[in-house]
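Residue 37 in UniProt numbering sits at position 37 of the sequence shown, with consecutive numbering throughout.
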Amino acid sequence: MAVKFITSHKNFIGLSTDTKPTSVPVGSKFIEYDRTKTFITYDGTNWIRES
Numbered sequence: 001m002a003v004k005f006i007t008s009h010k011n012f013i014g015l016s017t018d019t020k021p022t023s024v025p026v027g028s029k030f031i032e033y034d035r036t037k038t039f040i041t042y043d044g045t046n047w048i049r050e051s
């Protein structure tokens with residue numbers, strides 16, 4: 001994977017049962033407020049859990 005410069009990102013919040021958004025800026029975050037987990041997208045579509 002090449003290094004990507006993040007110019008803007010968005011933060012989303014929802015339930016763990018909600019579908020995470022797609023086509024978002026690289027580096028955006030999704031917070032599952034019912035489980036206190038945070039996910040980050042590395043490509044704007046796929047989400048991985050932030051440690």
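Ideal Cβ positions, reconstructed from N, Cα and C, are used throughout, including at glycine.
Under DSSP, R35 takes part in no beta bridge, so it has no partner. Residue pairing by DSSP puts K29 in a beta bridge opposite N11, I40.
Closest by C-alpha distance to S51, out of T38, T45, G44, Y42, is T38. Sorting L15, I31, D18, P25 by C-alpha distance to the C-alpha of Y42 places P25 at the top. Sequence-distant Cβ neighbours of F12 in its own chain, meaning closer than 8 angstroms and more than five residues away, are K20, P21, V24, S28, K29, F30, I31.
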